[in-house]
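Shown next as structure tokens:
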């Protein structure tokens with residue numbers, strides 16, 4: 001298994017860890033493209049009353065896609081770009097959520113999100129970051 005097969009696995013893993021360790025803070029970190037693949041698992045955490053903390057790093061595109069579709073002196077094609085506000089999606093699913101665009105706000109946002117999980121609510125913090133390609137992996141890298 002290689003390529004993008006492992007994208008988004010941390011959402012389900014966090015739910016499983018929370019089931020096994022309900023008294024621990026459980027968080028997972030994933031990118032916006034990964035969240036786009038499996039983000040509805042947040043609804044599972046909300047419905048099952050499993051207060052996990054999800055951190056979405058939003059660079060507005062698929063990092064690997066930005067590299068693979070790079071064109072000299074041109075913007076990446078639209079299919080490599082992502083849009084939307086994942087914090088609003090999380091809110092619609094019943095989770096506590098915040099979107100952080102200023103690094104100075106990160107610490108307070110994480111404190112509020114952790115407090116929400118301590119009160120039994122799943123939480124999501126969406127952190128906007130600058131668009132950047134994903135680092136290359138070796139040709140023989142597989143899971």
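Residue numbers (full-length UniProt numbering): 1 to 143.
Glycine included, every Cβ here is placed at the ideal spot set by N, Cα and C.
Within a 10 Å sphere around the beta-carbon of residue 51 sit 16 or more other beta-carbons, which makes this residue buried. Shown here, residue 43 sits in a helix according to DSSP, grouped into three states. A direct Cα-to-Cα measurement between residue 121 and residue 73 gives close to 46 Å. Relative to the Cα of residue 92, the nearest Cα in the group 47, 15, 24 and 32 belongs to 47. When DSSP states are grouped into helix, strand and coil, residue 101 belongs to the coil group. Comparing alpha-carbon positions, the option among 41, 24 and 125 lying closest to residue 10 turns out to be 41. Collapsing the DSSP output to three states places residue 29 in a strand.
For the pair residue 53 and residue 128, the CB atoms are not nearer than the 8 Å cut-off.
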